[in-house]
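> Using this note's numbering, you'd call the opening residue of the sequence shown number 1292 and step up by one each time.
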Amino acid sequence: MNKEEEIFRLAAVLYKDGNYEVSKENTLKKIVKAIFLENDNISKTISEIISAIFENYTLNFSEDEIELVIEKNSKIFQITKPQPIKYNLIEKDYVKLKNKIEKNDLNFYINKYLKDIKSKNLEEDKNKILHFLYNIFTKNLENYNFFMHLNNDIFSNLSKITDFENGDIDLINGFFRYESAEKDKLIFDIVSLSLEYCLLASPKELNKRQISNKIFFLDSNVIYRAIGLNGEERKNLTLQFIKRCNDYGIVLKILNITESEFKDSVKYRINRIFHVDNINTSKKVFKKYSSDEIYLYYYDWKEKRINISSREFENFIFAEYEKLKKENKITVEYKNNIDYIDNNEMRSIKDDILAFKNTPISSNGEIIAKYDTQMILSLLEVRKKSNDINKKILNINNFLISTDQQLKDWTFQKGYEQAIILLPSEWMTIMFRFLGRTNDDYKSFVSFLNLKNKEESTYSPEMIHIILAGISEMTQDINRQEFYAEQIIEHDILEIMQNKDTKDEIIDKVRNYVKINMDNELKDMTQKKNKVEKDYEETKEKNKELSDKLFSAWKRNGYYMLLLLIIGVFLFMAHFFWQESNWNLYRKISNYILGLNEASRNFFFALDYAITIGIIITSSTYCYNRLFPKSKMYLKKLNEFKNN
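(1) From E1339 to P1375, what does the alpha carbon distance come to, in whole angstroms?
(2) When you compare only the Cα positions, how much space is there between K1476 and Y1589?
(3) Which word fits A1343, buried or exposed, when buried means at least 16 other C-beta atoms lie within 10 angstroms of its C-beta?
(4) Please report the straight-line C-alpha distance between L1350 and I1408, rounded to a whole angstrom.
(5) Around the Cβ of L1854, are there at least 16 other Cβ atoms within 10 angstroms (buried) or fewer (exposed)?
(6) Any contact of the segment 1856 to 1873 with the segment 1827 to 1841, i.e. 3+ C-beta pairs under 8 Å?
(7) With a 10 Å radius around its C-beta and 16 neighbouring C-beta atoms as the bar for buried, classify W1718 as buried or exposed.
(8) Taking 8 Å as the cut-off, decide whether the C-beta atoms of M1765 and V1823 are in contact.
(9) If we count the other Cβ atoms within 10 Å of its Cβ and call it buried at 16 or more, is M1292 buried or exposed?
(10) Please name the residue or residues paired with I1545 in a DSSP beta bridge.
(11) Could you check what DSSP says for I1401 in three-state terms: helix, strand or coil?
(12) What is the DSSP secondary structure of T1336, counted as helix, strand or coil?
(13) Near N1627, what residues of its chain come up, given a Cβ to Cβ distance below 7 Å and the 5 sequence neighbours on each side ignored?
(14) I'd like to check one pair, Y1612 with I1518: are the Cβ atoms closer than 8 Å?
(15) Given this structure, state the Cα-to-Cα distance separating Q1369 from D1331, to the nearest angstrom.
(16) Quick one: what's got a C-beta closer than 8 Å to Q1767's C-beta in the same chain, skipping five residues either side?
(17) Check whether the Cβ atoms of Q1697 and F1647 sit closer than 8 Å, and answer yes or no.
(18) Which residue marks the beginning of the alpha helix (DSSP H) containing F1895, and which one marks its end?
(19) Are at least three pairs of beta-carbons, each pair with one atom in the segment 1832 to 1844 and one in the segment 1793 to 1804, less than 8 Å apart?
(20) With DSSP run on the structure shown, which of helix, strand or coil describes Q1767?
(21) Report the option in E1354, I1326, S1471 and K1699 whose CA atom is closest to the CA atom of L1397.
(22) Output yes or no for whether 8 Å exceeds the beta carbon distance between V1482 and I1427.
(23) Leaving out five residues before and five after I1541 in sequence, what residues of the same chain have Cβ atoms less than 7 Å from its Cβ?
(24) Tell me whether L1350 sits in a helix, a strand or coil according to DSSP, three-state version.
(25) Per DSSP, which residues does K1831 bridge with? Please list them.
(26) Would you tell me roughly how many angstroms separate the C-alpha atoms of L1405 and A1325, rounded to the nearest one?
(27) Helix, strand or coil for K1320, going by three-state DSSP, please let me know.
(28) Please return the same chain residues whose Cβ sits closer than 7 Å to the Cβ of D1643, not counting the five positions on each side in sequence.
(29) Hey, how far is the Cα of I1755 from the Cα of V1576?
(30) Cβ atoms of K1377 and K1321: under 8 Å apart, would you say?
(31) With DSSP run on the structure shown, which of helix, strand or coil describes I1712?
(32) I1545 and E1624 - do their beta-carbons sit closer together than 8 Å?
(33) Does the beta-carbon distance from K1794 to V1567 come in below 8 Å?
(34) Whose C-alpha, out of Y1348, D1355, Q1704 and I1337, is nearest the C-alpha of P1373?
(35) Which residue or residues does DSSP assign as beta-bridge partners of K1372?
(36) Going by Cα to Cα distance, which pick from D1480, S1485, E1487 and F1423 is closest to G1465?
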């Protein structure tokens, strides 16, 4: 079993019953139980137990500590060998613990999630999730180690995995969002274990008063989340965190400099949005190429508005900010705010933060680093003025709450004596450990662990917004917008990034490109239309010729029948005329019939007239239908041939 699995199994043993009792003795008892669980309940001496704990969990305990725990829990542990004395778990307790852990195994939920998403590489994807959870454990261990001012190096050999590709991030975030209260608790247990490690190494134990008697100053990134500028899900979960702080009696404040940073950044972003705004720009198309939440927030906002302006949007956001403060009892600290002065000290801090974050040298990066400098110095000033310095860390009351892991890492690297910044997830672990928790709390906690995807597009959100604004000026059709966006953004056919064009130049390029394409499409459509019309006329003419031929053939039979009609009329006339002529065949037949008896004579004369008159009537009707344009049959056939 590797280090990751050992750590996760230990978390499962410690918190299997949802009992987060903060007692070193109780925790040590569970750790010893975990050792026997990992080693199939094989008997061990005290020294072997100590060695196994250090080998598996990198924790050091004395023989007296282990011996005391075993003696006090004789109903769980038993002596199996007198010389040397060896111990293990009583069999029924071992079986009970083993069954409990197997039913509540993290691997079960990971495998279930991977099957539901139809993962093609189950083992590989499972390892990625396990690696990330282990990375969370080690990172939080480092943070709590610093927070509790332990400076303990015994955890340094717990390796960290920090690099994740975008595909891995989607996989991991999907697991975090996967609906399962049991899974959320297991993840909380893993992070809680990192706190447990530090509590075991700490000479003193925490108490509830030390946890609740705090003042938190919210960073602008927390405000962004709380009012929805980073998405609705983060808003709900951040508000859950703020509510729990209120419930536990933690005072929430915002530094005046933080409020200024928040408002300035909102104004800056709104200015960039409305710099090129076009009301026909599609959120659906933008979302395909960027996940920048403030743009998506803007698209949602404008869909419900008739009057759309930068001032209206700004007022709406600031109204949400004021609502956040009022509903959650958040006040602004107007005193003890340090203004940025371009002196050696502040410039050095600002440049150091900028370099540590590896921020590109830009006016925006400079401004953020200045605000970070002011925020940290202001917090230190608050501590100084409230006599919140030169105390042990657990007695310090004033902290910054921020999601900026890089800035927190900078304060750690800079060597400040006491922790300045706490991540929401870190404090949630502490709060929930000491002050109680619910399934919603577990879910809220897990949400703060979500990784942020790097933008895969070549273009920045602002650049995408500019391109889409140019496209939407030319067409409101969403499908056409998607088509042109794909050509310009995905295939970079305008080479915008290479040419370093200005905003106006980009919009002109995009408009011209779309216009030329639409003109070409119109031209192609016109040509196709003309060709179709030409082909149609040609086909129509050919069909007419064919129908005329078929109709003529149909009429021609009428002329053949006309000949039969003439013959029939002639035969009929021969009954009455040309009786003396030798060529009159009918006269000869009539003479023959007259020589028969009366019955035969009547029969043959009747038959003669029937045939002759039948020929005349049938042929005349046939000729009329096919040769006279006014006949119904003629008109019907003429119409059929024309339509076919």
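All C-beta atoms, glycine included, are put in the ideal place defined by N, C-alpha and C.
Quick look at the numbers:
(1) Along the sequence shown, one-based indexing puts residue 1339 at 48. Along the sequence shown, one-based indexing puts residue 1375 at 84. Near 11 Å, if we compare the C-alpha coordinates of P1375 and E1339.
(2) Taking the first residue of the sequence shown as 1, we reach residue 1476 at position 185. Taking the first residue of the sequence shown as 1, we reach residue 1589 at position 298. The alpha-carbon atoms of K1476 and Y1589 are separated by roughly 35 Å.
(3) By one-based count along the sequence shown, residue 1343 stands at place 52. Around the C-beta of A1343, 16 or more other C-beta atoms lie within 10 Å, and the residue is accordingly described as buried.
(4) In the sequence shown, the residue the question calls residue 1350 occupies position 59. In the sequence shown, the residue the question calls residue 1408 occupies position 117. Using only the alpha carbons, I get a separation of about 38 Å.
(5) Here residue 1854 corresponds to residue number 563 of the sequence shown, with the count starting at 1. The residue in question, L1854, is exposed, as its Cβ has fewer than 16 Cβ neighbours within 10 Å.
(6) no
(7) As a working note, residue 1718 is residue 427 in the sequence shown. Counting the other Cβ atoms within 10 Å of the Cβ of W1718 gives 16 or more, which makes it buried.
(8) To locate residue 1765, count along the sequence shown from 1; it is residue 474. To locate residue 1823, count along the sequence shown from 1; it is residue 532. Contact: no.
(9) Locating residue 1292 in the sequence shown gives position 1, counting from the first residue. The predicted model places M1292 with a pLDDT of 49, which falls under 50 and marks its position as unreliable; any figure quoted below should be read in that light. Label assigned to M1292: exposed.
(10) The residue you call residue 1545 lines up with position 254 of the sequence shown. Note: I1545 sits in a beta bridge opposite V1623.
(11) On the sequence shown, residue 1401 is found 110 positions in, with the first residue counted as 1. Helix at I1401.
(12) Indexing the sequence shown from 1 puts residue 1336 at position 45. In this structure, T1336 counts as coil in the three-state DSSP scheme.
(13) Your numbering for residue 1627 matches position 336 in the sequence shown. Cβ neighbours of N1627 beyond the five flanking positions: S1669, E1672, V1673 and K1676.
(14) Position 227 of the sequence shown holds residue 1518. Position 321 of the sequence shown holds residue 1612. Yes, the Cβ-Cβ distance between I1518 and Y1612 is below 8 Å.
(15) Mapped onto the sequence shown, residue 1369 falls at position 78. Mapped onto the sequence shown, residue 1331 falls at position 40. Cα-Cα distance, rounded: 15 Å.
(16) Residue mapping note: residue 1767 aligns to position 476 of the sequence shown, counting from 1. N1571, listed in sequence order.
(17) By one-based count along the sequence shown, residue 1697 stands at place 406. By one-based count along the sequence shown, residue 1647 stands at place 356. Yes, the Cβ-Cβ distance between Q1697 and F1647 is below 8 Å.
(18) Taking the sequence shown and counting its residues from 1, one reaches residue 1895 at position 604. Residues E1889 to L1918.
(19) no
(20) As a first step, residue 1767 is located in the sequence shown; it is residue number 476 there, counting from the start. Of the three classes helix, strand and coil, the one that applies to Q1767 here is coil, per DSSP.
(21) For the purposes of this step, residue 1397 is taken as the residue at position 106 of the sequence shown. For L1397, the closest of E1354, I1326, S1471 and K1699 by C-alpha to C-alpha distance is S1471.
(22) Here residue 1482 refers to the residue found at position 191 of the sequence shown. Here residue 1427 refers to the residue found at position 136 of the sequence shown. Cβ atoms of V1482 and I1427: closer than 8 Å.
(23) The sequence position of residue 1541 within the sequence shown is 250, counting from 1. Taken in chain order, the residues that qualify are S1503, K1505 and F1507.
(24) Here residue 1350 is taken as the residue at index 59 of the sequence shown, counted from 1. DSSP places L1350 in coil when its eight states are reduced to three.
(25) Translated into positions along the sequence shown, residue 1831 becomes position 540. In the DSSP output, where bridge partners are listed per residue, K1831 has none listed.
(26) Within the sequence shown, residue 1405 is the residue found at index 114, counting from 1. Within the sequence shown, residue 1325 is the residue found at index 34, counting from 1. L1405 and A1325: Cα-Cα distance of roughly 28 Å.
(27) In the sequence shown, counting from the first residue as 1, residue 1320 sits at position 29. K1320: helix per DSSP, three-state reduction.
(28) Along the sequence shown, read from residue 1 onward, the residue named residue 1643 stands at position 352. Hits under 7 Å: none found.
(29) The count along the sequence shown starts at 1 and reaches residue 1755 at position 464. The count along the sequence shown starts at 1 and reaches residue 1576 at position 285. Roughly 10 Å between the two C-alpha positions.
(30) As a working mapping, residue 1321 is identified with position 30 in the sequence shown. As a working mapping, residue 1377 is identified with position 86 in the sequence shown. Not in contact: K1321 and K1377 (Cβ atoms no closer than 8 Å).
(31) Looking up residue 1712 in the sequence shown gives position 421. In the structure shown, I1712 sits in a strand (DSSP, three-state: E or B).
(32) Translated into positions along the sequence shown, residue 1624 becomes position 333. Translated into positions along the sequence shown, residue 1545 becomes position 254. In this structure, I1545 lies closer than 8 Å to E1624 by Cβ.
(33) The residue given as residue 1794 occupies position 503 in the sequence shown. The residue given as residue 1567 occupies position 276 in the sequence shown. Yes, the pair counts as a contact, with Cβ atoms nearer than the cut-off.
(34) Looking up residue 1373 in the sequence shown gives position 82. The shortest C-alpha separation from P1373 is found at I1337.
(35) Along the sequence shown, read from residue 1 onward, the residue named residue 1372 stands at position 81. Paired residue(s): K1377.
(36) In the sequence shown, the residue the question calls residue 1465 occupies position 174. When each option's Cα is compared against that of G1465, the closest is F1423.
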